[in-house]
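Comments concern the structure below.
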């Protein structure tokens with residue numbers, strides 16, 4: 009664990025040094041993310057000009073959901089997505105050989121090796137929206153809610169990360185899986201709304217097949233302390249199962265890898 | 091390929107409209123490559139189908155909480171609106187704004203510029219071919235939507251007949267609009283922010299987030315004068331038969347006006363834009 013954090017620190021520094029040459033990109037990134045946020049919040053504004061509640065969610069709660077959506081999105085785009093994207097390219101080019109020869113766990117290296125620093129903008133703006141939503145509605149967010157939120161967010165992160173590892177591991181067999189990632193991103197946009205409003209089949213898809221519900225909806229519910237013990241138990245069970253399964257699956261994948269010139 | 095056509099006897103017969111003669115060739119190439127990459131294409135369509143499904147769910151939920159209807163739309167009418175929106179959005183969408191960036195940055199524009207026809211014709215032919223192939227995914231998507239949400243739709247004869255030309259005009263408006271904006275790539279390499287701004291405006295003003303009747307009054311007033319609505323929302327509402335004959339005619343006239351404006355802009359700017367293009371290694 010300590011090692012993992014140290015490695016992340018190293019890659020973060022490399023990413024920062026690389027991106028520091030393109031500082032203007034940070035402004036551009038802020039602008040793009042800001043536009044995305046304005047679009048999301050504008051949509052909420054239009055919806056709530058016609059109603060007071062959407063499937064039991066008020067405007068502030070939905071704004072908090074958008075905040076969480078951007079935090080998680082930024083988190084994925086910051087490290088997981090670019091690193092695993094690079095990993096898949098390495099499988100194609102055979103550069104994955106070098107990862108295997110390094111004296112650290114290959115899964116760890118592959119999921120940290122590329123940090124897109126400016127994506128921090130998404131996380132920061134997400135936190136701003138979340139905080140603004142809480143303050144504006146003077147929601148009572150004490151320690152219990154904060155802890156619940158952090159726990160839900162941690163479990164959601166484990167679930168999403170494991171899910172990405174499983175997708176990426178498929179590259180050992182199918183080489184090109186960009187298309188699967190495309191499905192993930194398409195489904196992810198559905199997370200901007202509470203999954204409870206969707207028809208049953210879509211709700212289950214978003215909970216079990218592509219686990220957006222646990223990554224976005226549940227943490228957002230936790231902000232106002234509306235998550236039941238059962239849901240937490242379910243999330244913990246799914247997180248544990250996916251973490252173990254993805255690790256096992258990754259090992260199977262590595263065993264299959266034959267190198268570029270073998 | 092060029093060699094062959096240059097020596098073939100057919101080349102001596104100059105076509106009165108060379109750009110028109112190029113269409114079947116562009117069309118065939120694109121058709122074949124789309125069929126070859128059918129899985130990738132089908133997966134791209136998932137997002138296309140999911141978006142209207144998401145907004146339809148939202149508005150159905152709102153209608154439910156407001157006693158079955160909101161802003162003049164019942165649940166069934168929302169379903170019909172988004173079923174047509176799915177079709178219209180698919181048939182009018184373009185990817186030129188994304189592609190221009192690569193073309194200019196990686197220099198693949200060189201080839202298009204060497205051809206004796208304006209590059210926009212290749213883009214239009216490719217776009218139409220892609221959509222015809224992908225209808226194989228979109229139509230089942232519409233079917234799923236109809237089964238899950240049960241639209242209420244009473245066809246109005248004249249309106250449905252008008253839908254076809256209005257849709258064609260909508261396609262041209264969106265195409266020329268996005269092609270115009272895409273030319274920005276000749277001046278700056280950072281077109282993403284511009285694209286994002288365009289897409290954000292389009293989401294609201296075209297009727298994708300909500301039928302524009304549900305927007306705050308001043309927003310829908312603005313939307314009714316801008317091209318976004320005439321590319322997507324207007325054809326949908328014509329198909330549904332929600333507009334009076336006067337409104338429909340006024341809409342068609344505005345469509346034609348916007349088309350003329352875009353055409354004029356492209357004609358004016360294109361020569362200057364292309365002149366800025368420098369291929370590496372020339």
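Protein chains in written order, with the working numbering: chain A, 9 to 270; chain B, 91 to 372. Positions of the beta carbon are idealized from the N, C-alpha and C atoms, including for glycine. Just so it is clear, the structure is predicted and the values come from calculations on it, not from any experiment.
Check                                                                                                                                             : Outcome
Any beta strand (DSSP E) of 3 or more consecutive residues that is wholly inside the region 17-62 of chain A                                      : none
Residues near residue 270 of chain A by beta carbon distance below 7 Å, same chain, minus five either side                                        : With a pLDDT of 47 at residue 270 of chain A, under the threshold of 50, the modelled position of this residue cannot be trusted; read the value that follows with caution. Around residue 270 of chain A: no qualifying Cβ.
Contacts around residue 165 of chain A, its chain only, beta-carbon distance under 8 Å, and the 5 residues preceding and following it disregarded : 80, 83, 223
Inter-residue Cα distance where the pair is residue 208 of chain A and residue 347 of chain B                                                     : 45 Å
Cβ shell of residue 372 of chain B (< 7 Å), same chain only, five flanking positions each side left out                                           : Low confidence applies here, because residue 372 of chain B scores a pLDDT of 49, under 50, leaving its location unreliable; read the following figure in that light. Result list for residue 372 of chain B: empty, nothing under 7 Å.
Residues that residue 151 of chain B bridges to, as DSSP identifies them                                                                          : Answer is none; residue 151 of chain B lacks a bridge partner.
Under 9 Å from the C-beta of residue 294 of chain B: neighbouring residues of chain A                                                             : 47, 50, 51, 54
Inter-residue spacing [alpha-carbon to alpha-carbon] between residue 236 of chain A and residue 328 of chain B                                    : 47 Å
Test: residue 257 of chain A CB closer than 8 Å to a CB of chain B                                                                                : no
Those residues which DSSP pairs with residue 160 of chain B across a bridge                                                                       : B:163
Whether residue 323 of chain B touches residue 301 of chain B by CB criterion (8 Å)                                                               : yes
Short Cβ contact (8 Å threshold) for residue 345 of chain B with residue 263 of chain B                                                           : yes
Test item: CB-CB of residue 92 of chain A and residue 172 of chain A under 8 Å                                                                    : yes
The region 221-238 of chain B contacting the region 132-141 of chain B, beta-carbon criterion three pairs below 8 Å                               : yes
Under 8 Å by beta carbon: chain B residues contacting residue 187 of chain A                                                                      : 129, 130, 133
Selection of the region 349-369 of chain B by Cβ proximity to chain A, strictly under 7 Å                                                         : none
Spatially closest choice to residue 319 of chain B from B:303, B:331, B:220, by CA coordinates                                                    : B:303
Chain B residues whose Cβ lies nearer than 9 Å to that of residue 26 of chain A                                                                   : Those within 9 Å of residue 26 of chain A in chain B number zero; the least Cβ separation is about 18 Å.
Limits of the alpha helix (DSSP H) - the one that residue 362 of chain B falls within                                                             : 335-366
Proximal chain B residues relative to residue 151 of chain A, where beta-carbon distance stays under 8 Å                                          : Chain B residues near residue 151 of chain A: none, gap ~33 Å exceeds 8 Å.
Whole-angstrom C-beta distance between residue 173 of chain B and residue 236 of chain B, which should lie under 8 Å                              : 6 Å
Under 7 Å (Cβ pairs) to chain A, residues found in the region 281-312 of chain B                                                                  : 282, 283, 286, 287, 290, 293, 294, 299, 300, 304, 305, 306
The region 219-244 of chain A: positions lying closer than 7 Å to chain C by Cβ                                                                   : Note that chain C does not occur in the displayed structure, where the protein chains are A and B.
Chain A contacts from the region 150-179 of chain B (Cβ-Cβ distance under 7 Å)                                                                    : 151, 152, 155, 156, 160, 161
Cβ-Cβ separation, residue 144 of chain A to residue 68 of chain A (assumed contact under 8 Å), whole Å                                            : 6 Å
Sequence-distant residues of the same chain with beta carbon closer than 8 Å to residue 135 of chain A, five excluded per side                    : 75, 79
CB contact below 8 Å: residue 63 of chain A versus chain B                                                                                        : yes
Same chain only: Cβ atoms within 8 Å of residue 215 of chain A, ignoring 5 sequence neighbours per side                                           : 203, 221, 222
Proximal residues of chain A, C-beta to C-beta of residue 272 of chain B below 9 Å                                                                : What residue 272 of chain B touches in chain A: nothing, since even the nearest Cβ is about 17 Å away.
Cross-chain neighbours of residue 57 of chain A in chain B, by beta carbon under 9 Å                                                              : 304, 305, 306
Contacts around residue 257 of chain B, its chain only, beta-carbon distance under 6 Å, and the 5 residues preceding and following it disregarded : 325
Check whether residue 119 of chain A and residue 88 of chain A have beta carbons under 8 Å apart                                                  : yes
For residue 65 of chain A: DSSP bridge partner residues                                                                                           : A:62
Touch test, the region 103-122 of chain B against the region 13-26 of chain A, Cβ-Cβ under 8 Å, three pairs minimum                               : no
Beta carbon proximity, residue 93 of chain B to chain A, threshold 8 Å                                                                            : Only weak support exists for where residue 93 of chain B lies, its pLDDT of 41 falling under 50; the value from the coordinates is given anyway. Judged by the 8 Å Cβ criterion, residue 93 of chain B is not in contact with chain A.
Short-range partners of chain A found in the region 314-345 of chain B, where Cβ spacing is below 8 Å                                             : none
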